[in-house]
Structure formats: C-alpha cells, structure tokens
Amino acid sequence: MDFEFGCGDEEFRAEARGWLSAHLVGSYAELAGRGGPGSEHEGAGARRAWERELGGGGWIGLGWECAEGAYGNRSAGLTGQVVWAEEYARARAPGRVGHIGENLLAPTLIAYGDEAQRRRFLPAIAQGEELWCQGYSEPDAGSDLAGLRTVAVRDGGGYRVSGQKIWTSLAGEADWCFVLARTDPAGRRHRGLSFLLVPMDQPGRIEVRPIRQMSGTAEFNEVFFDGAVAGHVVGGEGAGWRVAMGLLARERGVSTLVQQIGFAAELEEVVGAAVRCGALRDPVLRDQLIAQWAELKVMRWNALRTLGAAGDAGAPSVAKLLWGGWHQRLGELAMRVRGAAAALGPADWTARAPYELDALQRLFLFTRADTLYGGSDEIQRNIIAERVLGLPRVERT
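With my numbering, you'll find the sequence shown wraps up at 983, consecutive numbering, no jumps.
Structure below.
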C-alpha cells in the first residue's frame, strides 16, 4: 500500500488536535494517560462520560464502512483514522471504554448483521451510550476457541445462554456482550456455533467476577451465564464461526499504530529511568535500549506497510508476535535498569494496600501476559504455518 498523508489529512489533524485541546479539560483532563493496558479499571465511570463526549463530537466510528453521518459519526479513510489515533494518543486522552463496540462489534454488524440490528445498535455505539464486552474465551477454550462449551438453546424467538466466559475485559461496565455459543449440540468444533448479542443487565442470570492479577488490579473478569436471554443472532444460526473469524480479522489494524505511540512513551520513560540511575553506563544495557528503539521503528513501518492490505492471512499474526515479545522485553528492561531498587514499591506494604506499585513495576507485571492474551505466540505461529506456509494442520479433537 502507498501510505502517505495528504493536505486533507493535515487539515483533519488540525481539527482533531483542536477538538481534543478544547474538550480535554476539567474532569476529563484529570483522566490523562489513565485507562490503558494494565489500568483499564481506573476511572471507568468518568471515562464512560468521556465516551459520550466523543460521540457528541462525531469521533466514534470513523472507519465504519457506511454512509458518512448515517449513525451520527464522521467518516474517514485509513490515513484519516491514523491521524485521529495519533492525535488521540499524543494528547494522552483516556483509554477508551467503548473501543470493543466501536472497533469490533460495529464493523461486524456492518458486514454480517441485518438492517434492523444495525439500526438498533450502531447509533448507540456512535453516541457513546452503550458499551460492549466480548464473550469468546473460556477456561478450557482460550486460544482453542472452537472447543468452547457455552450453549444456547432456542426459547421462543430468542435463546437461553448457559456457560462461562473468562478474561472478559470491561464486563463490569458493559451494557451488552457478544457471545460465541454452541446452538447445535451435535456440531463438532467450529460447526454449530452462533454469534449472539446478550444484554448484561440480567440479575440472577449473569454474574461477573473480577479476576485479581499479580499486579493487584483486576482488568479481566469471569462471566457466568445461567439461562441468560439473547434476542439477536448475527449472520444466522450456525454461522458463528464465520462471523467470529471476520471479527478477529478486524481486531488488528489502525489500533496497532496507536498502540505503538503508547509503546514509544513507555520506552521514553524507561530510558529516562536509565539516565537518572546511571544504568546507561552499562554498554550491554545501553545496546538493549537502542535495540528496543530500532525494533519499535521497524514495527511502525511494518504496520504502515500492511495497513489496509487485503489477503495477507499472516499479517495480524506477525504483528501480534512482534509487539507481544517487544513489549515483554521492555517490561524486563524497566526492571533491569533499576537493579535491586526495582524490588521496592513506592510506599510501605500494608494489609489495606499490599500492591503499591509504580508505573514501571506495573508495566513489568502486566507485560508477562503479552505473549498469551489475544492469542498466544504458539497459536500465532500455528496460524502462520498453516495459512501462510501451507504446512499440515494439527489434528484437534
């Protein structure tokens, strides 16, 4: 792809920068830099209000493949989406609580949903009024998604959903969850699955349990469904695997470039710590920091090269392998530059606050999961081997 910014993009950049400057004030300014990976729990209520602020400005759904303004949103091409994402990250705007609905569900509804579903759900997402979470992974079906056991049984015009999902981000804040469930008990593996839309406000039928991590925070949740009602199926009964794979193909794109801006800020913080404590005098450590900087540049160029490219089945997996390992190594470097001092928290341990950590310690602990969540490194390598290199598929029972 020939990727470059034009005059229209720079005008759009000025507009985006001006809007963010005018609206990231007051209580919203206090959210600066909060709510990213490792701190998704921070300020969730205020960040929900920020979603409505974004929706009122038309900044949600820039990349939706529909008529401009059809659901109250602006429309922008790939370069415009990158411009907005870059300005958003550079303004240190708060982590989005609506990104799952905007970037995953909405494009899926546009591609696979019916008109009634689009009219019902897209305006609410575009205005920041309804939040979504993703019900895919299960305790025994994480990376091996086709082995899921959650079932959905027909009940009148809808379904009753029973089962358990895990590693569900924002489940406590979400209004809706899109759930992959087995609607045909005779179907094996990816056959007989359906993509259902489930309202989360069902007391006694849906229970959300936060999962406390070793960092002391709870970014993820377990979700238990006990006869929960689902009134919408996307793409038709039994088409869940096709819809789910279409959604996953949209999970990596412009967001990768945004992520890299955050990575650059973290790297700058680690380098700053190395300067302050004198660790840069160690030539090995200095070379490692330079390598991190060079690899981040390469990841950006690769992301720009593949942005919008069709038919490259391996691109998402290659991107995940690159950034997962890079970010994990950065977390390790964050501890290495501080030496023994990295073992000490910013405050004394107490029973009420046993997990007082600073930003670099949280970075290290959270990045241990980078090569697991979102599809483990092993699964990404299997995808590349099977879909790109044409190697024999691994038999799964």
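Backbone N, C-alpha and C fix where the C-beta goes; we use that ideal spot for every residue, glycine too.
Just so it is clear, the structure is predicted and the values come from calculations on it, not from any experiment.
Three-way DSSP call (helix, strand, coil) for Met587 in this model | Residue confidence for Met587 is low, a pLDDT of 49 falling below 50, so the modelled location carries little weight; the figure read from the coordinates is stated next. Looking at Met587 - three-state DSSP - the assignment turns out to be coil, as it is neither helix nor strand.
Do Glu942 and Gly931 have their CB atoms nearer than 8 Å?
-> yes
Given Ala618 as reference, the closest of Phe598, Gly848 and Thr892 once Cα atoms are compared | Gly848
Sequence-distant residues of the same chain with beta carbon closer than 6 Å to Pro771, five excluded per side = none
Report the rounded CA-to-CA distance for Met885 versus Ala675, giving the unit in angstroms.
-> 17 Å
Alpha carbon to alpha carbon, what distance is there between Ala901 and Ala971?
-> 12 Å
To which residues of the same chain is Ala662 closer than 8 Å at the C-beta, ignoring the five residues directly before and after it?
-> Phe598, Leu648, Gly649, Val669 and Trp670
So does the region 787-795 actually touch the region 733-742, counting three or more Cβ pairs closer than 8 Å?
-> no
Could you give the distance in angstroms between the alpha-carbon of Pro940 and the alpha-carbon of Ala933?
-> 9 Å
If I'm right that Ala712 touches Tyr657 with Cβ under 8 Å, what's the distance once you round it to whole angstroms?
-> 4 Å
Identify every run of the alpha helix (DSSP H) within the region 935-976, keeping only runs that are complete inside it and at least 4 residues long; order them along the chain.
-> 945-953 and 963-969
Classify Leu766 as buried or exposed, calling it buried when 16 or more other Cβ atoms lie within 10 Å of its own Cβ.
-> buried
Please report the Cβ distance between Ile797 and Val809, rounded to the nearest whole angstrom; I am assuming they are in contact, meaning their Cβ atoms lie under 8 Å.
-> That belief does not hold up - the Cβ atoms of Ile797 and Val809 are roughly 11 Å apart, past 8 Å.
Residues of its chain near Ala677, where Cβ-Cβ distance is below 7 Å and the 5 sequence neighbours each way are ignored | Leu606 and Leu610
Would you identify the three-state DSSP class for Glu900, choosing helix, strand or coil?
-> According to the sequence shown, residue 900 is Gly rather than Glu. Coil.
In the DSSP assignment, find the unbroken alpha helix (DSSP H) run with Trp605 in it and report its ends.
-> Cys593 to His609
Alpha-carbon to alpha-carbon, Tyr614 and Ala630 = 12 Å
Segment contact, 8 Å Cβ cut-off, at least three pairs: the region 851-865 with the region 713-725 = no
Could you tell me the boundaries of the alpha helix (DSSP H) in which Leu783 lies?
-> First-last for Leu783: Leu779 to Pro785, but that is the beta strand (DSSP E), not the alpha helix (DSSP H).
Have a look at Trp879, Pro725, Phe781 and Arg735 and flag the residue whose alpha-carbon is nearest the alpha-carbon of Gln703.
-> Phe781
Report the option in Thr936, Asn968 and Glu601 whose CA atom is closest to the CA atom of Gln667.
-> Glu601
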